[in-house]
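Contents: one structure, followed by commentary.
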Amino acid sequence: MKTTLLLLAASTSVLAQNDPCKTTHTDQASCDADTKTGGGCTWCKCEALPSSCWTVSNSKKLPSAVYQCDSALNTADNLAEKLAENRAAIEQHKGRHSGWTLSKDPVSPDTLVRITVAVRQQNQPVLEAELLKRSDPTNPKHFGKWLTKDMVDSIVAPSRASVEQVRAWLSKAGGDHIESSSTGDFLSTTVTVGAAEQHLFDGSASYQRYESPGSSLSILRLNTTYTVPEHLVSHIDFIGPSVRFPVVQTKKMAARTQDRKLFGPSGNGVTPTTLRKLYNATGAVAAPGTKNLQAVGSFLGQFYSPSDLSKFFTKYAKDAKVTTPTVHGPNQASNPGVEAELDIQYVMGVGRDIPTQFWSTAGKQPHNPENEPFLVWLENIGNLTDANMPLTMSVSYGDNEPGVDFDYATRVNTEFQKAGVRGTSIMFSSGDGGVAGGQSAPCDVFVPTFPAGSPWVTAVGGTTKSNPEVCASFSSGGFSNYWPRPSYQDTAVKGYFNSGVSGIPDSSLYNASGAGIPDVSAQAESFDVIQNGFTMPVDGTSCSSPAFTGIVGLLNEARLAAGKSSLGYLNQLIYKTLGPNGGFNDVTTGSNPGCDTQGFPAAKGWDPVTGWGTPNFGVLKEMVLALP
0 MKTTLLLLAA
10 STSVLAQNDP
20 CKTTHTDQAS
30 CDADTKTGGG
40 CTWCKCEALP
50 SSCWTVSNSK
60 KLPSAVYQCD
70 SALNTADNLA
80 EKLAENRAAI
90 EQHKGRHSGW
100 TLSKDPVSPD
110 TLVRITVAVR
120 QQNQPVLEAE
130 LLKRSDPTNP
140 KHFGKWLTKD
150 MVDSIVAPSR
160 ASVEQVRAWL
170 SKAGGDHIES
180 SSTGDFLSTT
190 VTVGAAEQHL
200 FDGSASYQRY
210 ESPGSSLSIL
220 RLNTTYTVPE
230 HLVSHIDFIG
240 PSVRFPVVQT
250 KKMAARTQDR
260 KLFGPSGNGV
270 TPTTLRKLYN
280 ATGAVAAPGT
290 KNLQAVGSFL
300 GQFYSPSDLS
310 KFFTKYAKDA
320 KVTTPTVHGP
330 NQASNPGVEA
340 ELDIQYVMGV
350 GRDIPTQFWS
360 TAGKQPHNPE
370 NEPFLVWLEN
380 IGNLTDANMP
390 LTMSVSYGDN
400 EPGVDFDYAT
410 RVNTEFQKAG
420 VRGTSIMFSS
430 GDGGVAGGQS
440 APCDVFVPTF
450 PAGSPWVTAV
460 GGTTKSNPEV
470 CASFSSGGFS
480 NYWPRPSYQD
490 TAVKGYFNSG
500 VSGIPDSSLY
510 NASGAGIPDV
520 SAQAESFDVI
530 QNGFTMPVDG
540 TSCSSPAFTG
550 IVGLLNEARL
560 AAGKSSLGYL
570 NQLIYKTLGP
580 NGGFNDVTTG
590 SNPGCDTQGF
600 PAAKGWDPVT
610 GWGTPNFGVL
620 KEMVLALP
């Protein structure tokens, strides 16, 4: 036996020295996937010697009685078939964004990378049509007749064929586990860089590491346009991470602490009592046993303290019933953040006695390590039973629109639609940089924000002072570059441009045909917030969103008490009925400077600084109770 092995080894040693497949691949998976090296590789098994990788041509020179090579690549016909497999690109490589430099350190093939595939959903136009039909106050037959979770899933869930084909493709890369969302519209697995390059992208692109100078940010991206098998193109929306580069941001949209701006002659800051009085909601509370639910969304490691919430109610809302929010996700009560504290204290302080959920979502979105993982949060929301679905949600996070991948944002929009058609109203703060975007920064053209610029959420701008209120100068507003103006905004936006108000910026600075931002507004300066036991003043549209959301929660309470549905997706209702008929306190003074301009001036009616203005609960209550 020993002699046989020596002879066999000797007979193949010279052949092996000149075999590029043998020197390149040490495992069967990467070997069989290689259709280019040496004209194609094949894995050959041997009882007497270790199995190994060979070129197809050299494999035919091996003793057939000793070596058994993979048949899939052992014939010229099969090899030609594999080489001829059509492939296509899903996303085009458009070069790097500024702020990223190629790392000098090569990416090891053994580096792990998380691959997330957005599987294409079905019937998105049908979902949109159902949402618009059921949220239209001029359509009494369907208004407020929201769909159940099962109904929504039956409309948009990907086909079984799409899920199975994408799953089979991912399995080729050797991921230990493929994770799936409840309906299969997101599939994720962790694989090595080498396996992804070879088995998923067929060598069409390779991963490189990029760094952001002056920060600790580091990302993996493909170096060029990648391809996938052509039959998969119709089943995939996007793959992350791949070829899109995030815009480097130094600060997120969040609550800002500034010099205290006094509200009223007393010298006190804004409190829930202040807001409820200002917006004509004094005395409005939820009834015991209500089926109403409100929620706040929190990201980026922002947590709230139950102790601070209790102190806040003791100091600023003594007549409220102190309840404990239901927490979804992680919450480090010992490490509270000002954003999370602000959001939970004011949505509960204004939306008095409404059961509340606190959603804390960890992680990052697939394309941008700096963006909030909105899809993760929305997927979790979408998995809720109908009985546990919040009817209002406030989110005070966001980014400049150019910093969010369009395909990703589009999928986020679909999730917003799915929540809206189930009867949930979603509010987002508009941003704190005026026309410069989320935070004030140098710019040549105006910068819209996301998700505030999505037509499928209600964007809340900021005001200050009282009797009358004026727009907060930092209140972000303008027009989306991603999404066209929805038809329900036409009359309001055209009315603004035709109003004759002086100082409207030159149209070359923004997309006048895009979706208008914001829709409404609320107070945004000098909010008293308790953090770590101490009161601190907070400014920003991060204040506006929970304040407005609390009012919407009280409107839902009135409708539920009358045996009616929640308000759900709000925007058509706002633009067609509530805004034109005096449901909001019109804000006509001030502007939102940025980009070396004065920004947009406020005006009568809707404007891209404060939207329709701030809520008048008493008037709005009468209006929404008159609806079906």
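When you line the sequence shown up against numbering that gives the first Met the number 0, it's residues 0 to 627, in that order. Note that beta-carbon positions come from the ideal geometry of N, C-alpha and C, so glycine has one too.
Compare the Cα-Cα distances from Pro454 to each of Ser479, Leu231, Ser158 and report the closest residue. Ser479
Assigned secondary structure, Lys563 (DSSP; H/G/I helix, E/B strand, else coil): coil
Minimum length 4: unbroken alpha helix (DSSP H) runs contained in the segment 258-305: 271-277
Taking only three categories from DSSP, how would you classify Ala83? Caution applies to Ala83, whose pLDDT of 42 falls short of 50 and renders its modelled position unreliable; the value that the coordinates give is listed next. Ala83 falls in the coil class under three-state DSSP.
Does the Cβ of Leu61 have 16 or more other Cβ atoms within 10 Å, making it buried, or fewer, making it exposed? buried
Please give me, in chain order, every unbroken run of the alpha helix (DSSP H) with length at least 4 that falls completely inside the segment 369-434. 373-381, 405-419
Proximity winner among Glu400, Ser590, Tyr345, relative to Pro447 (alpha-carbon distances): Glu400
Measure the Cβ-Cβ separation of Ala294 and Thr355 and say whether it is below 8 Å. yes
With a 10 Å radius around its C-beta and 16 neighbouring C-beta atoms as the bar for buried, classify Val125 as buried or exposed. exposed
Suppose the cutoff is 7 Å on Cβ atoms and the five residues either side in sequence are ignored; what does the same chain contact list for Leu572 look like? Ser134, Pro136, Leu566
Could you round the C-beta distance between Asp517 and Ala451 to whole angstroms and report it? I think they count as a contact, below 8 Å. For clarity, residue 517 is Pro in the given sequence; the question names Asp instead. With a Cβ gap of about 6 Å, Pro517 and Ala451 count as contacting.
If I'm right that Ser428 touches Ser395 with Cβ under 8 Å, what's the distance once you round it to whole angstroms? 4 Å
Going by beta-carbon coordinates alone, are Thr182 and Ala88 separated by less than 8 Å? no
Does DSSP put Arg650 in a helix, a strand or coil? Shown here, the chain extends from 0 to 627; a query on residue 650 therefore has no answer.
Out of curiosity, what's the CA-to-CA distance linking Thr270 and Phe311? 10 Å
Pick from Arg410, Phe415, Gly461, Pro485 that is closest to Val537, judged by C-alpha positions: Gly461
So for Trp168, helix, strand or coil by DSSP? helix
Is it a yes or a no for the segment 518-531 touching the segment 542-555, going by three-plus beta-carbon pairs under 8 Å? yes
Taking C-alpha atoms, which residue in Ser297, Ala128, Leu626, Leu341 lies nearest to Val326? Ser297
Per DSSP, which residues does Ser51 bridge with? Please list them. Cys43
If you follow the beta strand (DSSP E) that Glu221 is part of, which residue opens it and which one closes it? The residue asked about is misnamed: residue 221 is Leu in this sequence, not Glu. 217-221 is the extent of the beta strand (DSSP E) around Leu221.
Using a Cβ-Cβ cut-off of 8 Å (strictly less than) and excluding sequence neighbours within five positions of Arg635, which residues of its own chain qualify? Any answer about residue 635 is impossible in this case: the structure gives the chain only from 0 up to 627.
Kindly indicate which residue of Gly173, Val165, Gly202, Gln27 has the alpha-carbon position closest to the one of Lys35. Gly202
Give the range of the beta strand (DSSP E) segment to which Ser520 is assigned. 519-522
Could you spell out where the beta strand (DSSP E) holding Thr188 opens and where it closes? 185-191
8 Å Cβ cutoff met for Ala435 and Gly589: no
Collapsed DSSP secondary structure at Tyr206 in the structure displayed: strand
Kindly indicate the opening and closing residues of the beta strand (DSSP E) around Ile235. 235-239
Among Gln123, Leu101, Gly143, Asp26, the one whose alpha carbon lies nearest that of Lys563: Gly143
Selected residue, minimal CA-CA separation from Asn510, among Gly502, Ser498, Val492: Val492
With DSSP collapsed to three states, give me the class of Ala625. coil
Determine, using beta carbons only, whether Val349 and Ile550 come nearer to each other than 8 Å. yes
Assuming contact is defined by CB atoms lying nearer than 8 Å, are Val337 and Thr360 in contact in what I supplied? no
Compare the C-alpha of Gly268 against each of Val528, Gly532, Glu90, Ala561 and name the closest. Val528
Between Leu619 and Gly419, how many whole angstroms is the CB-CB distance? I'm expecting something under 8 Å. The Cβ separation is near 19 Å, so there is no contact.
Distance CB(Thr223)-CB(His141) smaller than 8 Å: no
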